[in-house]
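Have a look at the structure below, then the notes.
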Amino acid sequence: MQPPVGQGVAGFFGSRLLRKKPGRAAPPCRNDASDAAPARNEATSGEAARKADGQASLASPRHIFAAIAPQNKPTVNNAVPQRKGERDREGECRLFSCQTPYTPPTTEEDELSFLRLVRSRRVGPTTFHRLMAEHGSAAAALAALPEVARASGMERYESCPAAVALKELATGRRLGARPLLYGRKDYPPGLLGLADAPPFLWSIGDPALAARPSVALIGARNASSLGLRMARRLAGELSEAGFLIVSGLARGIDAAAHEAALPLGTAGVQAGGIDVVYPAENAALYRNMAEKGLRLAELPPGAEPVARHFPQRNRIIAGMAQATLVIEAAARSGSLLTARMALDYGREVMAVPGHPLDGRATGCNMLIRDGAVLIRDAADVIALIGAPEPAVALAPAAPPPSPPPEPAAQDIAARILAALGPSPTPEDLVLRDLAIDAATFTRHVFLLELDGRVRRLPGALLSRT
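Going letter by letter, the sequence shown gives residues 1 to 465 in full-length UniProt numbering.
Quick look at the structure:
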């Protein structure tokens with residue numbers, strides 16, 4: 001009998017927990033969310049007791065401020081589940097009750113204090129929410145920070161200077177970005193109440209899109225032609241059904257899903273600053289989403305994405321969406337980590353199966369084996385989570401983009417190989433996905449056949465050897 005989604009996928013992921021190595025002390029203002037990993041890693045009862053006794057190491061940014069660490073696990077109704085994959089009665093992993101535990105900023109001065117607390121050294125999302133819940137306002141929490149730090153053994157602690165926060169606010173607004181603060185009406189509702197919800201997000205586009213029922217579509221960067229086709233099909237059909245498509249603005253599956261859903265609106269979460277385009281090849285997509293969709297960034301403007309930022313971005317994707325769908329993923333990939341986070345938030349986890357010999361399908365097949373829901377089309381998704389009400393009317397399709405200049409010969413060969421897998425793929429689909437002329441495509445396929453790297457099969461099918 002197939003195990004339930006929550007228990008099965010949690011079992012699969014049990015040995016693949018994110019581990020954060022102790023690091024050096026950060027500068028007074030951070031460019032990353034220092035305790036952005038899910039709160040289940042931050043507090044067990046024994047660990048909290050050691051922190052309260054002042055015995056915890058201060059080298060790890062997540063294990064700080066013993067004075068505000070809880071001594072006991074909260075009850076299930078207002079806490080993260082005690083076991084991986086466990087859900088509360090609403091099916092969501094939450095730290096707070098449904099009501100906001102503190103009042104969001106109402107004045108510019110409050111907003112400045114809010115951002116200063118967010119950017120202060122060793123104050124990540126989980127610690128931020130605890131400070132706010134205890135002190136009631138960002139200004140009061142900032143005033144208490146030095147004493148809290150001293151109680152934890154940290155001397156000469158300084159919070160983020162007002163000038164730094166003011167500069168960030170000015171830069172963001174000059175870029176046309178809008179701040180979304182936890183608890184305000186325009187804040188993404190799917191993130192409310194999560195233990196590690198980002199307190200402060202920069203946004204470009206229409207924040208109202210985030211209020212729509214949403215599905216996260218994620219997957220491999222080096223996706224196959226069939227994977228890209230499946231991503232476009234699912235994103236387009238789910239978007240027409242009324243869902244907001246959420247993804248990470250990466251190449252491959254992410255970009256294909258965003259492009260297919262763009263006519264009706266799509267939301268992308270960036271790993272760097274709101275003004276940083278990554279990867280550079282998605283510059284046109286970034287511009288289009290600023291006009292027709294929504295882009296979100298947790299980091300300050302100008303922050304370049306680095307490896308540690310991607311798990312932080314992935315948790316926002318998993319938290320915003322009521323379900324996460326994986327389309328092609330290797331056995332060790334960020335998409336599987338996002339699926340794990342979605343599971344821990346109490347969201348549905350789904351996957352598209354793939355050929356057993358294609359390494360890009362290994363992760364999806366493992367998810368399905370361990371309890372994720374197998375998805376064949378958009379109807380399967382709607383049957384699982386229900387259709388949104390009301391459905392969004394279909395908007396006119398955007399005009400097709402102008403064809404890109406023809407790349408170098410070696411690039412074309414590499415793109416053909418990347419689009420193929422061991423499973424036979426129709427030649428016309430590969431040609432259409434690569435967007436190159438038929439003569440160039442045929443010439444390069446012939447050369448790859450001579451090299452023994454591509455096999456042509458009856459029925460105008462191609463496969464990689």
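Here a beta-carbon is modelled for each residue, glycine too, at the ideal position from N, C-alpha and C.
Check, Outcome
"Relative to the C-alpha of residue 225, which residue among 204, 205, 415 is closest?", "415"
"Helix, strand or coil for residue 200, going by three-state DSSP, please let me know.", "strand"
"Could you please give the first and the last residue of the uninterrupted alpha helix (DSSP H) stretch that includes residue 179?", "Premise fails: residue 179 lies in the beta strand (DSSP E), 178-181, not in any alpha helix (DSSP H)."
"Could you pull out every residue in the same chain whose Cβ sits closer than 7 Å to the Cβ of residue 288, ignoring the five residues on either side in sequence?", "262"
"Using beta-carbon positions only, say whether residue 186 and residue 294 come within less than 7 Å of one another.", "no"
"Taking residue 382 as part of the alpha helix (DSSP H), name the residues at either end of that continuous run.", "378-385"
"Within 10 Å of its beta-carbon, does residue 229 have 16 or more other beta-carbons around it, so buried, or fewer, so exposed?", "buried"
"Pull up the distance between the alpha-carbon of residue 116 and that of residue 275, whole angstroms please.", "20 Å"
"One question on the structure: do residue 364 and residue 352 come within less than 7 Å of each other, judged by their Cβ atoms?", "yes"
"Round the Cβ separation of residue 149 and residue 102 to the nearest angstrom and send it over; I've been treating them as touching at under 8 Å.", "The Cβ separation is near 21 Å, so there is no contact."
"Return the chain-ordered ranges of every beta strand (DSSP E) run that is complete within the UniProt domain \"DprA winged helix\" (400-459) and spans a minimum of 3 residues.", "454-457"
"Who does residue 268 pair with in a DSSP beta bridge?", "247, 295"
"What is the DSSP secondary structure of residue 325, counted as helix, strand or coil?", "strand"
"How long is the line joining the alpha carbons of residue 317 and residue 442, rounded to whole angstroms?", "39 Å"
"Buried or exposed, going by whether 16 or more other CB atoms sit within 10 Å of the CB of residue 188?", "buried"
"Fully enclosed by the segment 113-157, which alpha helix (DSSP H) runs are 4 residues long or longer?", "125-135, 138-151"
"Does the beta-carbon distance from residue 339 to residue 216 come in below 7 Å?", "no"
"For the beta strand (DSSP E) containing residue 335, name the first residue and the last one.", "From DSSP, residue 335 is part of no beta strand (DSSP E) but of the alpha helix (DSSP H) over 334-344."
"Taking residue 342 as the reference, which of 218, 139, 379 has the closest Cα?", "218"
"Put residue 276 into one of helix, strand or coil per three-state DSSP.", "coil"
"With distances taken between CB atoms, is the gap from residue 271 to residue 231 smaller than 7 Å?", "no"
"Between the alpha carbons of residue 249 and residue 118, how many angstroms are there, rounded?", "24 Å"
"Here's the rule: buried if 16 or more other CB atoms are within 10 angstroms of the residue's CB, otherwise exposed. What is residue 356?", "exposed"
"Just checking, does the segment 165-179 make contact with the segment 104-115 on the three C-beta pairs under 8 Å criterion?", "yes"
"What is the DSSP secondary structure of residue 164, reduced to helix, strand or coil?", "helix"
"Go ahead and pull the three-state DSSP assignment for residue 219.", "strand"
"Nearest by alpha-carbon distance to residue 411: which of 434, 425, 125 is it?", "434"
"Please classify residue 461: does DSSP put it in a helix, a strand, or coil?", "strand"
"Look at the Cβ atom of residue 462, then the Cβ atom of residue 456, and state whether they are nearer than 7 Å.", "yes"
"Since I believe residue 181 is in contact with residue 161 (beta carbons under 8 Å), could you give me their beta-carbon distance rounded to a whole number of angstroms?", "Not quite, the Cβ-Cβ distance comes to about 20 Å (not below 8 Å), so this is no contact."
"To the nearest whole angstrom, what separates the beta carbons of residue 260 and residue 236, a pair I think is in contact under 8 Å?", "4 Å"
"Beta-carbon within less than 8 Å of residue 417's beta-carbon, same chain only, minus the 5 sequence neighbours each way: which residues are those?", "448, 453, 454, 464"
"Any idea if residue 135 is buried or exposed, counting beta-carbon neighbours within 10 angstroms, 16 or more meaning buried?", "buried"
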